[in-house]
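Below you'll find the structure, written out as structure tokens, and then a few comments.
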Amino acid sequence: SVDVSVIRLTLSPCNSEPCFLVRGKTVRLEIEFAAPRDVRAEIQEIRGSSGQGPQLIQFPEDDICAYWFPPCPIKAKKFYALLYRPRVNVNSK
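Here UniProt numbering is used: position 25 in the sequence shown is 25, and no number is missing along the way.
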């Protein structure tokens with residue numbers, strides 16, 4: 001991202017690499033990041049990539065700030081964590 005630098009991404013359960021996710025099961029996604037400048041937290045999705053191509057995590061609520069620690073707003077030169085527990089889509093490839 002041009003807005004933040006990811007420091008660590010943790011996905012669990014993940015007992016091997018690559019991680020295998022089970023459709024319909026809940027996973028724990030934790031992203032630790034820092035922002036080089038103030039960031040408006042209006043995003044409702046996170047885009048990433050995997051061996052299967054681009055991946056998209058959409059947040060069901062309009063307020064992504066509910067998942068940040070410390071809470072919004074995102075300020076420059078501070079460290080943050082996002083914790084989200086999505087259910088793997090049953091239609092995922």
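Think of the CB as a built atom: it goes at the ideal place given N, C-alpha and C, for glycine as much as any other residue.
Would residue i and residue j qualify as a contact pair, given that the criterion is a beta-carbon distance under 9 Å?
| i | j | result |
| --- | --- | --- |
| V88 | V39 | no |
| E32 | A81 | yes |
| L83 | L29 | yes |
Closest by CA to residue i, which one among the options?
| i | options | result |
| --- | --- | --- |
| P86 | L11, F69, I7 | L11 |
| I74 | A34, V6, V90 | A34 |
Whole angstroms is fine: what's the gap from residue i's alpha carbon to residue j's?
| i | j | result |
| --- | --- | --- |
| P13 | F69 | 21 Å |
| R23 | I64 | 24 Å |
| N15 | V27 | 12 Å |
| I7 | F79 | 9 Å |
| A66 | K25 | 22 Å |
| C19 | R37 | 32 Å |
Examine the ligand ADP and report whether any of its heavy atoms sits within less than 8 Å of the Cβ of residue i.
| i | result |
| --- | --- |
| K75 | Although the ligand ADP was asked about, the structure shown includes no ligands whatsoever. |
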